[in-house]
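Quick mapping for you: the protein sequence lines, in order, are chains V and Y.
Position 210 of the first sequence, counted from 1, bears residue number 334 in the numbering used here, the numbering being contiguous throughout.
Position 34 of the second sequence, counted from 1, bears residue number 148 in the numbering used here, the numbering being contiguous throughout.
Think of the CB as a built atom: it goes at the ideal place given N, C-alpha and C, for glycine as much as any other residue.
Remember, predicted model here, so these are calculated numbers, not experimental data.
As structure tokens, the structure follows; a few thoughts come after it.
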Amino acid sequence: MNSKRMHAYIPRTMISALLILLAICCIMPFVIIISSSVTDEMTIIKEGFQLFPRNFSWTAYQFLFQHPEDLLRAYGVTIAVTVTGTVGGLLITSLLAYTLSRKEFIFRNPLNFYVFFTMLFNGGLVPYYILVANVYDLKGSLLALILPLMVNAWNVLIMRTFFVQVPEALVEAARIEGSGEYRIFFSIMVPLSTPVFATIGLFLVMSYWNDWFQALLFIDDRAKLPLQYLLYNILRNAIEVASLSRVGGQTINTIMPTESLKMATVVITVAPMTIVFLSIQRYFVRGITVGSVKG
Amino acid sequence: MRMISITSVVKRMKKNSPLMTMALPGVLFLLAFSYGPMFGILIAFKNYNYEQGIIGSEWAGLKNFEFLFSSGAAWSITRNTLFYNSLFIISGTIMAIALALLLNEISNKLFRGVLQSSYIIPYFISWVVVSSFTYALFNAQNGLLNPILESMNMKPVDWYTDGTYWPFILVIISAWKGVGFSSIIYLASILGINREYYEAADIDGANKWRQVFYITLPHIKPVVIILTILAIGKIFYADFGLFYFLTNQSGLLLPVTDVIDTYVFRTLQVTGDVGMASAAGFYQSVVGFTLVLLANYAVRKLDNENALF
Chain V
125 MNSKRMHAYI
135 PRTMISALLI
145 LLAICCIMPF
155 VIIISSSVTD
165 EMTIIKEGFQ
175 LFPRNFSWTA
185 YQFLFQHPED
195 LLRAYGVTIA
205 VTVTGTVGGL
215 LITSLLAYTL
225 SRKEFIFRNP
235 LNFYVFFTML
245 FNGGLVPYYI
255 LVANVYDLKG
265 SLLALILPLM
275 VNAWNVLIMR
285 TFFVQVPEAL
295 VEAARIEGSG
305 EYRIFFSIMV
315 PLSTPVFATI
325 GLFLVMSYWN
335 DWFQALLFID
345 DRAKLPLQYL
355 LYNILRNAIE
365 VASLSRVGGQ
375 TINTIMPTES
385 LKMATVVITV
395 APMTIVFLSI
405 QRYFVRGITV
415 GSVKG
Chain Y
115 MRMISITSVV
125 KRMKKNSPLM
135 TMALPGVLFL
145 LAFSYGPMFG
155 ILIAFKNYNY
165 EQGIIGSEWA
175 GLKNFEFLFS
185 SGAAWSITRN
195 TLFYNSLFII
205 SGTIMAIALA
215 LLLNEISNKL
225 FRGVLQSSYI
235 IPYFISWVVV
245 SSFTYALFNA
255 QNGLLNPILE
265 SMNMKPVDWY
275 TDGTYWPFIL
285 VIISAWKGVG
295 FSSIIYLASI
305 LGINREYYEA
315 ADIDGANKWR
325 QVFYITLPHI
335 KPVVIILTIL
345 AIGKIFYADF
355 GLFYFLTNQS
365 GLLLPVTDVI
375 DTYVFRTLQV
385 TGDVGMASAA
395 GFYQSVVGFT
405 LVLLANYAVR
415 KLDNENALF
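What follows is the structure, encoded as structure tokens:
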């Protein structure tokens, strides 16, 4: 597509090679974690973590699934929080974004500012903590993991910008046929905006699935700990690992696969998020670019 | 001037009422979780106790701030926060633009898509998980890095107690996690540039570097400016997870890795000193807000079209 001159400066193969190298750097840590999780514990202790599995062993996963109660419970909490938060967040965010995209909405400008201002100014951690824990009284409740992350200005503004691009004529035509706002929203806007719904949905899934901060602040009850927080505990101390696999005094002869167990837990934590990302990514680039470049 | 009669306003309000109910839940959420804490910021001037609540607690004047600024912590956490964030903004922006320029040279869409996806994956991983990666690299017993250093006849490093290398480590990890994502937006605006400019430049005999400097970069300037203003607005806010988990909360690393966010959290969680934590939070909010206004003002002076507001 371009002149031959550029080949004199940076040959295209070199660019490709560099980009492939960078891609390997991005993927490498995942490979290390996966291979360490299936490497024999003694090998890790003697020779350190592995890039490629040597002395292959499923022991870590076997330990993990022998008594999976804690892990399953944390999975349950995270899935419940993620699903509720994402569905609710998508609905509320898109409704607000839709009103901000309508030119005839008289509060459009003040509301735009109302949303935008939350990106500029922030009350900080202490008032936030006191408000959620003491005033709203959500300490110890799963709602403290769900509600605070549901609506944020960035997501609203990306969606608004996407909705603005939907041809006005379609909305007008529906209005002439007598459709109300809700009908226009659900039967015209939503179907035409798959990329942005996929994108914001992915952002919400990500923020819920990866959240440990809300749990760090508001959850003390072990039964309500989300996956990331459990993982954090496991990475922090081997005692957690011991209680997780419940080896106790029964299996004195086997070495506790502490290190590989940590890595196996990481694999189990990351896998669903990666799968969601890979299945949504074809919408993702379009959603994020249409929504934010022109914003 | 246009006259607006009260009846017409009422009429329009009525017509807008479905839109108002649609906006309501989102408005309430922002009120509860964004605006609420903004008013709670008063707490920095109070002698807070849990019994009396935010409104009932006694006023403390500037006492909380005196404690904060006489503790010596204020200076070091401010310095660290500004230092790391400036480093992240500069290195991150340059790398993201460079990556976008390189990706733009790949004309095979499938190949480009695969590359782009692999750069974005780290963005979707939590800091807890990233800390397991760094643990695999740095830990003293079986980390990957020390054996490599030894094989190159270099002294092994006690990563979690020696602060020397952390500025580099944090910049590299932060780039690893974020650059792929930011490059999407830059690449999209590069791909949006009309191809005719490049064709014309080719005919005029401009080489690739000149095309980058005279066509591509000027075209993506508005996007760069907007993203940079937003980043400067957040320059007083550190990425909590990065500084909290990656350092394993090692006390010995605090002089080089303690930032405002980790300080506030630690003060609140460990010592339970609400006064000092909220004073630090207030300082963060107000200076952060001032900086975003200043950044925007500067852009408006230089180049009115690209200002954010």
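Alpha-carbon to alpha-carbon, residue j and residue i
{"i": "Pro291/V", "j": "Phe350/Y", "result": "40 Å"}
{"i": "Gly319/Y", "j": "Pro332/Y", "result": "19 Å"}
{"i": "Phe143/Y", "j": "Val275/V", "result": "6 Å"}
{"i": "Tyr353/V", "j": "Met390/Y", "result": "27 Å"}
{"i": "Val244/Y", "j": "Gly264/V", "result": "27 Å"}
{"i": "Thr398/V", "j": "Met152/Y", "result": "35 Å"}
{"i": "Asn130/Y", "j": "Gly302/V", "result": "15 Å"}
{"i": "Asn222/Y", "j": "Met313/V", "result": "32 Å"}
{"i": "Phe238/Y", "j": "Phe401/V", "result": "8 Å"}
{"i": "Val141/Y", "j": "Leu224/Y", "result": "41 Å"}
{"i": "Leu214/V", "j": "Ser331/V", "result": "13 Å"}
{"i": "Val259/V", "j": "Val155/V", "result": "45 Å"}
{"i": "Ile203/Y", "j": "Ala210/Y", "result": "10 Å"}
{"i": "Ser161/V", "j": "Thr167/V", "result": "11 Å"}
{"i": "Gln166/Y", "j": "Lys160/Y", "result": "11 Å"}
{"i": "Leu145/Y", "j": "Pro139/Y", "result": "10 Å"}
Where residue i sits in the DSSP three-state scheme
{"i": "Asn161/Y", "result": "strand"}
{"i": "Arg370/V", "result": "Here Arg370/V scores only 48 on pLDDT, less than 50, and its place in the model is too uncertain to base an answer on."}
{"i": "Thr361/Y", "result": "coil"}
{"i": "Ile139/V", "result": "helix"}
{"i": "Glu172/Y", "result": "strand"}
{"i": "Ala394/Y", "result": "helix"}
{"i": "Gly227/Y", "result": "helix"}
{"i": "Lys386/V", "result": "helix"}
{"i": "Asn308/Y", "result": "coil"}
{"i": "Pro350/V", "result": "coil"}
{"i": "Ser131/Y", "result": "helix"}
{"i": "Gly154/Y", "result": "helix"}
{"i": "Leu266/V", "result": "coil"}
{"i": "Val413/Y", "result": "helix"}
{"i": "Phe350/Y", "result": "coil"}
{"i": "Phe286/V", "result": "helix"}
{"i": "Met152/V", "result": "helix"}
{"i": "Leu254/Y", "result": "It should be noted that the sequence gives Ala, not Leu, for residue 254/Y. Correct three-state label for Ala254/Y: coil."}
{"i": "Val391/V", "result": "helix"}
{"i": "Met274/V", "result": "coil"}
{"i": "Ile220/Y", "result": "coil"}
{"i": "Glu109/V", "result": "The requested residue 109/V is not part of the displayed model; chain V covers only 125 to 419."}
{"i": "Gly325/V", "result": "helix"}
{"i": "Val320/V", "result": "helix"}
{"i": "Gln166/Y", "result": "coil"}
{"i": "Phe379/Y", "result": "helix"}
{"i": "Met268/Y", "result": "coil"}
C-beta contact flag for residue i and residue j at 9 Å
{"i": "Asn256/Y", "j": "Trp273/Y", "result": "no"}
{"i": "Leu220/V", "j": "Met136/Y", "result": "yes"}
{"i": "Phe403/Y", "j": "Phe240/V", "result": "no"}
{"i": "Ile334/Y", "j": "Ser303/Y", "result": "yes"}
{"i": "Ile157/V", "j": "Val391/V", "result": "yes"}
{"i": "Leu366/Y", "j": "Asp276/Y", "result": "yes"}
{"i": "Ala250/Y", "j": "Pro177/V", "result": "no"}
{"i": "Phe354/Y", "j": "Asp375/Y", "result": "yes"}
{"i": "Leu262/V", "j": "Leu273/V", "result": "no"}
{"i": "Val329/V", "j": "Phe286/V", "result": "no"}
{"i": "Leu143/V", "j": "Leu301/Y", "result": "no"}
{"i": "Leu258/Y", "j": "Leu267/V", "result": "no"}
{"i": "Ser399/Y", "j": "Tyr162/Y", "result": "no"}
{"i": "Met243/V", "j": "Leu201/Y", "result": "no"}
{"i": "Asp335/V", "j": "Leu255/V", "result": "no"}
Local Cβ density within 10 Å of residue i, reported as buried at 16 or more and exposed below that
{"i": "Tyr253/V", "result": "buried"}
{"i": "Trp323/Y", "result": "exposed"}
{"i": "Arg284/V", "result": "buried"}
{"i": "Ile363/V", "result": "With a pLDDT of 49 at Ile363/V, under the threshold of 50, the predicted position of this residue should be treated as unreliable, and no value is reported."}
{"i": "Trp290/Y", "result": "buried"}
{"i": "Thr121/Y", "result": "exposed"}
{"i": "Leu359/V", "result": "buried"}
{"i": "Glu193/V", "result": "exposed"}
Hey, which unbroken runs of the alpha helix (DSSP H) at 4 residues or more fall wholly within the segment 158-241 of chain V? 165-171, 183-190 and 193-225
In the segment 251-270 of chain V, which residues sit with their C-beta less than 9 Å from some C-beta in chain A, listed in chain order? Here the protein chains are V and Y, and chain A is not one of them.
Entirely enclosed alpha helix (DSSP H) segments - the segment 270-349 of chain Y, minimum 4 residues: Runs of the alpha helix (DSSP H) inside the segment 270-349 of chain Y: 280-305, 309-317, 322-325 and 331-347.
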